[in-house]
Amino acid sequence: MSEYLPGLVWLVVLLAANAFFVGAEFAVISARRSQIEPRAAAGSRAARTTLWAMEHATLMLATSQLGITVCSLVILNVSEPAIHHLLEYPLGWTGLTPGAVTGIAFAVALLLVTFLHVVFGEMIPKNLAFSVPDRAALLLAPPLVFVSKLVRPVIWALNAVANGALRLFRVEPKDEAQSAYTIDEVATIVEESQREGTLVDDSGTLTAAFEFTEKTVADVEVPLADLVVLPQGATPRQVRQAVADSGYSRYVVEGADGAPRSYLHLKDVLDLTGPDALDRPIPADRLRDLPAVAADAELEDALARIRAEGAHVASVTGAGGTVTGMLFLEDIIEELIGEVQDAASA
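And the structure:
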């Protein structure tokens, strides 16, 4: 039996090697950068190597496929003869012809090696890599990177041929594993997590954030008819009266043509006290400019514009540049987190 032992040893070694390449392949494409990057930032060498592997996914997959192919081809050649000859002894006692014994032994050996290869060399490592992808990547990616460097010329040639074939079909190859999600994919993940009970969104903030990306300025603007508007030349006393009547802190101010031209905050006139100051028109330098946003613009783009201008209010323009209403920063925030007390609408 000792003459067949090397074949059995090689069977175990090649199964383990095949399992390594399969596990590494699935781990690299399944691992999440969000879990690996903090470890790399903390100084983990394995994490840094794993990130490099994820950024060179095509190279890693080619290395894995080469390793799997070599193991699959060699495993039967080195292990089948040993199993075959081991089975010939008990089968010879059955009285079958030598040809029948050889055929049966070969068939049993082939089935046994195939079973071991599929289960232990393919399915188990694949399922393990899918179950714990981050841990599997940290464990398997570094040695896979080492192997890839040893066979780099072969991999480079095979990759060039494969990528060339893809480009013939107008498909641009990618080197980095995809680890980001679209907004629709994130929304689906959140929905599934809520249904499974692993995520709770009682406040509705997450759902509101997804809906926020689909809204336009027109969905949130306050029509001119609903605004508390101060006339041109308004005085601090009029501002105080408006605050007493409506309770708001920001007010749109009309221009000479009666259209909204600026706005002010209550704190802009708090220091204007005394009979003379209270009844004089508010100084022009106290009035704030109104940035303009289109009614059909996406709400998140309007938010970016308002923030860039350092404003809290923007005028909304419709077709032809006509002002149709106002967009308040508070109303945008309410779309994300719920009711915010303060506005300038009646």
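Residue 295 in the working numbering sits at position 292 of the sequence shown; the count goes up by one each step and never skips.
Every residue gets a Cβ at the ideal spot worked out from N, C-alpha and C, and that includes glycine.
Everything numeric in this text was worked out from a predicted model, so none of it was measured.
In the DSSP output, which residue or residues are listed as bridge partners for residue i?
i       : result
Gly-313 : Gly-313 is not bridged to any residue.
Arg-291 : Tyr-266
Val-246 : The partner list for Val-246 (beta bridge, DSSP) is empty, contrary to what the question assumes.
Ser-75  : BP columns for Ser-75 are empty, so no partner.
Ser-1   : The structure shown does not extend to residue 1, since the chain is modelled only from 4 to 349, so the question has no answer here.
Thr-219 : Glu-301
Leu-353 : Since the displayed the chain opens at 4 and closes at 349, residue 353 lies outside it and no answer follows.
The alpha helix (DSSP H) that contains residue i, what's its start and end?
i       : result
Leu-227 : Counting along the chain, Leu-227 falls outside any alpha helix (DSSP H), and DSSP gives it neither H nor E.
His-268 : Run containing His-268: none in the alpha helix (DSSP H); it sits in the beta strand (DSSP E), 263–268.
Ala-280 : 278–281
Val-164 : 155–171
Leu-50  : A small correction: the amino acid at residue 50 is Ala; Leu does not occupy that position in the sequence shown. That run of the alpha helix (DSSP H) goes 48–58.
Trp-13  : 8–33
Gly-102 : 101–121
Ala-300 : Run containing Ala-300: none; DSSP gives neither H nor E here.
Ile-285 : Neither: Ile-285 is in no alpha helix (DSSP H) and is coded neither H nor E.
Lys-129 : 127–134
Glu-175 : Unbroken run through Glu-175: none, as it is neither H nor E.
Ala-44  : 36–44
Along the chain, where does the beta strand (DSSP E) that runs through residue i open and close?
i       : result
Thr-327 : 326–331
Arg-253 : 253–257
Since residue i contacts residue j with CB under 8 Å, what's their CB separation in whole angstroms?
i       : j       : result
Leu-267 : Arg-291 : 6 Å
Val-319 : Gly-328 : 5 Å
Asp-271 : Arg-289 : 5 Å
Thr-61  : Pro-156 : Thr-61 to Pro-156, Cβ: 16 Å. No contact.
Ala-237 : Ile-285 : 6 Å
Leu-94  : Ala-110 : In fact, because the Cβ distance is near 11 Å, the residues do not count as touching under 8 Å.
Leu-141 : Ala-50  : 6 Å
Ala-317 : Ala-295 : 7 Å
Glu-257 : Gln-235 : 5 Å
Gly-120 : Leu-18  : A quick correction: the sequence has His, not Gly, at residue 120. Contact holds; Cβ gap of about 7 Å.
Leu-115 : Ile-86  : 6 Å
Ser-249 : Val-232 : Actually they are not in contact, since the Cβ atoms of Ser-249 and Val-232 sit about 11 Å apart, beyond 8 Å.
Leu-1   : Pro-239 : Residue 1 cannot be examined here, being either before or after the span of the chain that is shown, 4 to 349.
Tyr-302 : Lys-218 : Note that residue 302 is Leu in the sequence shown, not Tyr. Confirmed, about 4 Å.
Asn-21  : Ser-75  : 7 Å
If you count every other CB in all the chains shown that lies within 10 Å of the CB of residue i, and 16 or more means buried, which is it?
i       : result
Val-12  : exposed
Tyr-92  : exposed
Ala-180 : With a pLDDT of only 49 at Ala-180, under 50, the local geometry of the prediction cannot be trusted, and the value read off the model is given with reservation. Looking at its Cβ environment, which holds 16 or more other Cβ atoms inside 10 Å, Ala-180 is buried.
Glu-224 : buried
Arg-253 : buried
Ala-112 : buried
Pro-263 : buried
Ser-265 : buried
Val-220 : buried
Ser-151 : buried
Val-31  : buried
Val-174 : exposed
Leu-143 : buried
Thr-100 : exposed
Trp-96  : exposed
Asp-334 : buried
Pro-136 : buried
Ala-34  : buried
Ala-298 : buried
Phe-133 : exposed
Ile-309 : buried
Ala-56  : buried
Val-104 : buried
Ala-168 : exposed
Val-122 : exposed
Val-255 : buried
Leu-14  : buried
Leu-330 : buried
Leu-153 : exposed
Would you say residue i reaches chain C, if we count a Cβ-Cβ gap shorter than 8 Å as a contact?
i       : result
Asn-166 : Judged by its chain identifiers, the structure shown contains no chain C, having just a single protein chain.
Original post:
Below 8 Å, can you find three or more Cβ-Cβ pairs linking the stretch 77–93 to the stretch 38–52?
Top reply: Segments in contact, no.
**OP:** Mind the definition here: the stretch 145–162 touches the stretch 61–75 only if three or more C-beta pairs lie below 8 Å; say whether that holds.
**Re:** In short, these stretches touch, since the Cβ pair count reaches three.
Original post:
Looking at C-beta atoms only, is the number of pairs between the stretch 120–130 and the stretch 19–32 that lie closer than 8 Å three or more?
Top reply: Contact annotation: the stretch 120–130 touches the stretch 19–32, with at least three C-beta pairs closer than 8 Å.
Original post:
Can we say the stretch 154–169 touches the stretch 27–39, given the rule of at least three CB pairs closer than 8 Å?
Top reply: Cβ pair count under 8 Å is below three, so no.
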